[in-house]
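All remarks here apply to the structure that follows.
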Amino acid sequence: MAADNILKRWSIWVDGIGKAGNAKEYTPPALEVITKDFQAGDMDMPIPIDVGMAGMETSYSIYGVDVTVLPLFGLRQGSRTAVSVRSTYQDLKGNSYDLVEELGGMITKIERDTQDGGDQSDKAMKVTQKLDYYKVVRSGVELIEIDPVNHVRKLGGIDALEGIRALMQLS
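Here the sequence shown is numbered in the numbering used here, starting from 9 and rising by one per residue.
This is the structure in structure tokens:
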């Protein structure tokens, strides 16, 4: 059915501090598997082989200058910046569904909008964060969990790296 999964509202928390009413935009991380073409001598054409994932990155903009986010820039000894994004989606029957994204990593860039002589109310600071953790849960069902440090890549409840972890005695 068309239009049965429409984004209605969203909010963001950065390092446990809610930004409701101050968040301007959010760009979820792109998920990309890096592949290499493999072709054995008897094969008519190459096939893609999964050789890992590309690095994940997210960005979000917060109106004004957020003094709680500025100090989170860069390497924080023994810590990473945790971000949580909560979204609501609605179908044509009016049923609402939640989507919760948990992200962790390092803030690598903070860019502030240009200050000029016009209306300043829409000025924001854009935060870019390189990720080392990403999890997506919809209505209590885990859809994605990517945790490269702990060798986890779960999609739809199936961990693509579970067998490798077991063979390497990492779990």
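Here a beta-carbon is modelled for each residue, glycine too, at the ideal position from N, C-alpha and C.
Check, Outcome
"With DSSP as the reference, label residue 175 as helix, strand or coil.", "helix"
"Out of 78, 73, 121, 127, state which residue places its alpha-carbon closest to the alpha-carbon of residue 115.", "78"
"Rounded to whole angstroms, what's the CA-CA distance from residue 49 to residue 88? Just pull it up for me.", "47 Å"
"What number of angstroms, rounded off, separates the C-alpha of residue 148 from the C-alpha of residue 103?", "15 Å"
"Decide if residue 14 is buried, meaning its Cβ has at least 16 other Cβ atoms within 10 Å, or exposed.", "exposed"
"Counting C-beta neighbours from all protein chains within 10 Å, is the total for residue 129 16 or more, i.e. buried, or is it exposed?", "exposed"
"Where residue 158 and residue 52 are concerned, what is the direct C-alpha to C-alpha distance, given to the nearest angstrom?", "37 Å"
"Do the segment 129-140 and the segment 58-72 meet, that is, are 3 or more Cβ pairs less than 8 Å apart?", "yes"
"When we look at the beta-carbon of residue 105 and count the other beta-carbons within 10 Å, is it buried (16 or more) or exposed?", "exposed"
"For residue 83, count neighbouring C-beta atoms within 10 Å of its own C-beta (all shown protein chains included) and say buried if the count is 16 or more, exposed if not.", "exposed"
"Per DSSP, residue 59 forms a beta bridge with which residues?", "In DSSP, residue 59 forms no bridge with anything."
"Given this structure, state the Cα-to-Cα distance separating residue 93 from residue 126, to the nearest angstrom.", "31 Å"
"Using CA atoms only, rank isn't needed, just tell me which of 44, 63, 23, 152 is closest to residue 54.", "44"
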